[in-house]
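Numbering (the working numbering), first residue to last: 1086 to 1184. Glycine residues also receive a C-beta, built at the ideal position from the N, C-alpha and C atoms. Data first, discussion second: the structure below is written as structure tokens.
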Amino acid sequence: MVLKDQRIKMMNEVLNGIKVLKLYAWEIAFIRRINEIREKELKCIRQKAIISAFSSAIWSFAPIIVHKFFLNQTKLKLSFSRYALQRLLHMYYHPRRIF
1086 MVLKDQRIKM
1096 MNEVLNGIKV
1106 LKLYAWEIAF
1116 IRRINEIREK
1126 ELKCIRQKAI
1136 ISAFSSAIWS
1146 FAPIIVHKFF
1156 LNQTKLKLSF
1166 SRYALQRLLH
1176 MYYHPRRIF
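What follows is the structure in structure tokens.
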């Protein structure tokens, strides 16, 4: 959020002082500064998306892992298998957006 605020502040400065930027030909310098901030912002967004996808995958496959390695009773196996299948089908038909 801090990086987004910095980028928005920089863009407001550029838009408010566009005449001065054009007069002194500072466009390239300001474009570089804005792009540097944007790259930092995108890096944070990518990291958050990767962590979210990894976490979602772990939680989605948790019932299958429990079923395979920890359950010995038939009824529990059946109910966990149904839950795991339902969870996977739900993810297939209703995928979450990463970005």
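Can residue i and residue j be called in contact, C-beta distance under 8 Å?
i            : j            : result
residue 1119 : residue 1086 : no
residue 1127 : residue 1115 : no
Excluding sequence positions up to five away, which residues of its chain have a Cβ less than 7 Å from the Cβ of residue i?
i            : result
residue 1148 : 1165, 1168, 1169, 1172
Within a Cβ cutoff of 8 Å, which residues of the same chain sit near residue i, ignoring the five residues on either side of it in sequence?
i            : result
residue 1122 : 1088, 1091, 1092, 1095
residue 1111 : 1105
So residue i is in the alpha helix (DSSP H); what residue range does that whole segment cover?
i            : result
residue 1086 : Note, residue 1086: premise wrong, no alpha helix (DSSP H); not H, not E.
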